[in-house]
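Everything on this sheet refers to the single structure shown next.
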Amino acid sequence: MPSAPNAILAGAPQANGSRPKLTTLEMARGLAALCVVAFHANVSCRLAGAPTFRWMDSLAYGVDFFFVLSGFVVMRAYHRDIGKPRAIAPYLAKRAIRLFPMLWLTVLVAAVAQMASGVPIAGAAILRSLLPYPSLQPALPKVIWALRHGLLFYGGFATLLLSRRAGSALGAMWLLLILAQLLASVAGSPVGGLPAFFLSTYQLDFVLGIALAMIHRERTFARTPIPLLAGLAALTLYLALRDDLGLGRVGEYDYISPGATLGVAIMGSIFALILHGLLRVEGIPAPRGFVALGGASYVLYLIHLPLNAFLHSGIGQLPSIFLDRGLGQIILIAAAVAISLPIHYLVEKPLLVRLRRLLAGRKFARGDTKHPMRTEEEETGTLHDRYRTTATLNPDEKTVGWFSSIFRNNASNDTGAAESSDPVDEEGAEDRVHWRLAGVPSRQARDRDRRARFPQFAAVAGGNASGHAAIARLGRAFTPSHPISDPDLFAGRHDILARLIDLIELQGLHVVLYGDRGIGKTSILRMVSDLAESANYRVVYASCGSDTTFDSLMRSQARKVPLLFHRDFGPTSTQVEEGRTFADELGEGPVTVADMTGLLEKLDGTQLLIVIDEFDRVESERMREQLAELIKNLSDRNVTIQFLIAGVASNLNSLISHIPSIRRNLTGLQVDPLGAKEVEELLENGAAKSGVRFDDKARERLIAYSQGLPYLAQLLGLHASVAARQDGRDVVNEADIVEAGKLAAGELRLRVSAKGVRAVQAAADRIGWATLGEVAGKAMQSLGMLDEPALSEVDEATKSSLFETAPEELKLGNAPEWQFVEEALAPYIWLESLDSARLTHLSGTQTTSEPLRSSW
Numbered sequence: 034m035p036s037a038p039n040a041i042l043a044g045a046p047q048a049n050g051s052r053p054k055l056t057t058l059e060m061a062r063g064l065a066a067l068c069v070v071a072f073h074a075n076v077s078c079r080l081a082g083a084p085t086f087r088w089m090d091s092l093a094y095g096v097d098f099f100f101v102l103s104g105f106v107v108m109r110a111y112h113r114d115i116g117k118p119r120a121i122a123p124y125l126a127k128r129a130i131r132l133f134p135m136l137w138l139t140v141l142v143a144a145v146a147q148m149a150s151g152v153p154i155a156g157a158a159i160l161r162s163l164l165p166y167p168s169l170q171p172a173l174p175k176v177i178w179a180l181r182h183g184l185l186f187y188g189g190f191a192t193l194l195l196s197r198r199a200g201s202a203l204g205a206m207w208l209l210l211i212l213a214q215l216l217a218s219v220a221g222s223p224v225g226g227l228p229a230f231f232l233s234t235y236q237l238d239f240v241l242g243i244a245l246a247m248i249h250r251e252r253t254f255a256r257t258p259i260p261l262l263a264g265l266a267a268l269t270l271y272l273a274l275r276d277d278l279g280l281g282r283v284g285e286y287d288y289i290s291p292g293a294t295l296g297v298a299i300m301g302s303i304f305a306l307i308l309h310g311l312l313r314v315e316g317i318p319a320p321r322g323f324v325a326l327g328g329a330s331y332v333l334y335l336i337h338l339p340l341n342a343f344l345h346s347g348i349g350q351l352p353s354i355f356l357d358r359g360l361g362q363i364i365l366i367a368a369a370v371a372i373s374l375p376i377h378y379l380v381e382k383p384l385l386v387r388l389r390r391l392l393a394g395r396k397f398a399r400g401d402t403k404h405p406m407r408t409e410e411e412e413t414g415t416l417h418d419r420y421r422t423t424a425t426l427n428p429d430e431k432t433v434g435w436f437s438s439i440f441r442n443n444a445s446n447d448t449g450a451a452e453s454s455d456p457v458d459e460e461g462a463e464d465r466v467h468w469r470l471a472g473v474p475s476r477q478a479r480d481r482d483r484r485a486r487f488p489q490f491a492a493v494a495g496g497n498a499s500g501h502a503a504i505a506r507l508g509r510a511f512t513p514s515h516p517i518s519d520p521d522l523f524a525g526r527h528d529i530l531a532r533l534i535d536l537i538e539l540q541g542l543h544v545v546l547y548g549d550r551g552i553g554k555t556s557i558l559r560m561v562s563d564l565a566e567s568a569n570y571r572v573v574y575a576s577c578g579s580d581t582t583f584d585s586l587m588r589s590q591a592r593k594v595p596l597l598f599h600r601d602f603g604p605t606s607t608q609v610e611e612g613r614t615f616a617d618e619l620g621e622g623p624v625t626v627a628d629m630t631g632l633l634e635k636l637d638g639t640q641l642l643i644v645i646d647e648f649d650r651v652e653s654e655r656m657r658e659q660l661a662e663l664i665k666n667l668s669d670r671n672v673t674i675q676f677l678i679a680g681v682a683s684n685l686n687s688l689i690s691h692i693p694s695i696r697r698n699l700t701g702l703q704v705d706p707l708g709a710k711e712v713e714e715l716l717e718n719g720a721a722k723s724g725v726r727f728d729d730k731a732r733e734r735l736i737a738y739s740q741g742l743p744y745l746a747q748l749l750g751l752h753a754s755v756a757a758r759q760d761g762r763d764v765v766n767e768a769d770i771v772e773a774g775k776l777a778a779g780e781l782r783l784r785v786s787a788k789g790v791r792a793v794q795a796a797a798d799r800i801g802w803a804t805l806g807e808v809a810g811k812a813m814q815s816l817g818m819l820d821e822p823a824l825s826e827v828d829e830a831t832k833s834s835l836f837e838t839a840p841e842e843l844k845l846g847n848a849p850e851w852q853f854v855e856e857a858l859a860p861y862i863w864l865e866s867l868d869s870a871r872l873t874h875l876s877g878t879q880t881t882s883e884p885l886r887s888s889w
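Residue numbers for the sequence shown follow this note's numbering, beginning at 34 and rising by one.
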């Protein structure tokens, strides 16, 4: 078995773990384009009356090499999308922006130049050029005949994306017809006319590229030059015997001669062998000039014929001594290369980058791609908590209807008609008729009777579709179980959003957003991310856990940044076509700060915003130190990347403690509780979404109950709205809020340990619910921190059972500070203390919004 450095799998990681850059493939593109340019340079010299070279006529076969390369690249780039109908639109859009913009620009310039020279051009010819549909008529420039075959192949490949089974069957049938046409051509009776275009053996070149991509995806090959040498030898032998075998081509629109049928099949096979050989020597340094030419190959292919026409008259005026030595061909080739490279770098590349950004934005808007900060439940529209509803009452059904099977891809992609989502009675129709004829209730009716003693889903209990829709609207209007993702529901926080944008956009700082849990940090992150996306930032998001490491975090982020934004990869490169990401450039070993610094330094063409949520859950101190070092390195190198980190105050302090000089690059922003007006705005937003409104007393009590915590306001609003709906009302009253407070307290109690619940009850018995609730309210208003005066009325037994000394990094001053031993204790105690039987006066409630505070 060959050693690792000598093993090659196209697209597999290299010895250092990163994916190969496939420079030989880029070089092959450049060589194929150069061959076609040289062939036409020779033809142009012949038309100008200059000497030509017979061997250059063989360079026309560069088109066959292009076709094989195209089949290989498309299969490599989209093999994961086969059988996924949702991938068709992005696939076709990418193909369109790759081909048409530069094609249209070239056609228009060539048409204007031709008409300016006094040569008329028909409108039909321009149309055939702008839209290369199947035709046997010439276009401008003439090389568009090859694009027609490319578009035919792209359309055929799209059927594979629609359905693996149907696409494979259609492809096999098409291949059989092509082979039949090939045999008929050998026998001297091929099909002619436009059908010959569809049955051309040029399509076999694409099929050979597809087959080669499949082979290299499944197998590992040893690095050796033997296949490449064998392919070159076969090419030389064929070209030497071609004329003797009568396999020469007649012209571009010849689809029935032996050279255009059997000859094409032979050349396609040889070029497939050569491409296989090039892949077997991947990793050997390739000439940079040819690699650069590979990126510009499409422009080079399009412009060289119009350029030849422009230079045509001058070639014939050169001295014969120079023309005899091939100077005319050299001038035409050099001019094409010299002009195509600047056009590629100054026009095509920026245009492709911009169009692909627009394409990504359109997919984001349509929902074709997952929002960087939405959970799987939110993407599929799942409602949470006890009001969860779905579009079908039978969650075990394999298929839930045509809409889901197409857009959610729940069913097999090869399924024909979607199955019904209605629950199926396992008993036969005859049995059901028997029960009804006998006057005995059906099985469904008996099941309903047995379930009647249990709590019911509100959507079913309502007995109609409107009840279901009403509960669904409530679940979308009030979302205590997940952060706000709908901008229409986002309330207040305009000052902190403006401050964040200023810090990120104008000052170029990295920001730690800190505050207590349930305060709304993640919702703020979502809004900032949406606003940044709309400003063409590239936003990547990750949520941390206790076991998050620097390696896992950086890899997850790098996977979301496409190589389109890597300085070393052009928009036409194979790696970009394949959809590779920055993560493919990382090795297999643990990612280091130096690795990420070097990688992110290559970011080009975008502004990257890296959002890290739940940073306070990270337990690894080493990970915090590495992130601080990375932020410092990127800031020192002026890389267009900003970090937005959500956590607690200690996260900011720990990052600074590792590297004190990071203070000038990193700032902190505290998230305070909502003010009364902001909570009122939250309720108004929810009311507009749900159709349920709150009367004045209900609004006042909910504002007091929530203590400015968005989580509590959402939870109370949901419970109270459902209570009103179940009572047949569209208006929430004060009694609904009181009942919602009890339900919310019960839910929070489930998040407190049994020991904690017992300690709370014992403390309430000693010092009373009023005192205990007042302390909890103060904690909710001060990031969970309590000073000694706040605990002045708390006895030592309560202090020792419910509170602990706050860590040094969380303290705001030098005096001792305390916090509850469990996170959910403060809101639980607060809501329990508000029971009307225990407390009638709401103390410590917030009525105005606190001023925005920054850490410095």
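Every residue, glycine too, gets a C-beta built ideally from N, C-alpha and C.
CA nearest to the CA of residue i, picked from the options
i: residue 794; options: 753, 852, 862, 360; result: 862
i: residue 236; options: 728, 302, 159, 381; result: 302
i: residue 908; options: 627, 546, 609; result: Residue 908 lies beyond the range of the chain shown here (34 to 889); nothing can be said about it.
i: residue 587; options: 609, 571, 643; result: 643
i: residue 261; options: 289, 233, 313; result: 313
i: residue 248; options: 199, 306, 201, 264; result: 306
i: residue 557; options: 597, 678, 670, 507; result: 678
i: residue 219; options: 774, 782, 544, 291; result: 291
i: residue 663; options: 117, 625, 838, 638; result: 625
i: residue 736; options: 707, 719, 760; result: 707
Range covered by the alpha helix (DSSP H) that runs through residue i
i: residue 571; result: Premise fails: residue 571 lies in the beta strand (DSSP E), 570-576, not in any alpha helix (DSSP H).
i: residue 185; result: 177-195
i: residue 129; result: 121-149
i: residue 304; result: 291-313
i: residue 810; result: 802-813
i: residue 7; result: The question about residue 7 has no answer, for the chain in this structure spans 34 to 889.
i: residue 590; result: 583-591
Simplified DSSP assignment, three categories, for residue i
i: residue 607; result: helix
i: residue 95; result: helix
i: residue 360; result: helix
i: residue 706; result: coil
i: residue 240; result: helix
i: residue 785; result: coil
i: residue 255; result: strand
i: residue 837; result: strand
i: residue 533; result: helix
i: residue 282; result: coil
i: residue 463; result: Note that residue 463 scores 36 on pLDDT, short of 50, meaning its location in the model is unreliable; the coordinates nonetheless yield the value given after this. Looking at residue 463 - three-state DSSP - the assignment turns out to be helix.
Spatial neighbours of residue i in its chain, beta-carbon cut-off 7 Å, leaving aside the 5 residues before and after
i: residue 764; result: 726, 728, 757
i: residue 377; result: 328, 329, 332
Close Cβ partners of residue i (< 6 Å) along its chain, the five nearest in sequence each way excluded
i: residue 553; result: 743
i: residue 186; result: 239
i: residue 630; result: 666
Contacts around residue i, its chain only, beta-carbon distance under 8 Å, and the 5 residues preceding and following it disregarded
i: residue 804; result: 826, 827
i: residue 472; result: Below a pLDDT of 50, predicted positions are generally treated as unreliable, and residue 472, at 42, falls in that range; no measurement from the model is reported.
Nearest-angstrom Cα separation, counted from residue j out to residue i
i: residue 135; j: residue 197; result: 32 Å
i: residue 103; j: residue 697; result: 50 Å
i: residue 93; j: residue 295; result: 16 Å
i: residue 654; j: residue 334; result: 55 Å
i: residue 383; j: residue 771; result: 60 Å
i: residue 75; j: residue 229; result: 28 Å
i: residue 191; j: residue 724; result: 44 Å
i: residue 381; j: residue 169; result: 29 Å
i: residue 860; j: residue 752; result: 16 Å
Limits of the unbroken beta strand (DSSP E) element including residue i
i: residue 642; result: 640-646
i: residue 72; result: Not the beta strand (DSSP E): residue 72 falls in the alpha helix (DSSP H), residues 56-80.
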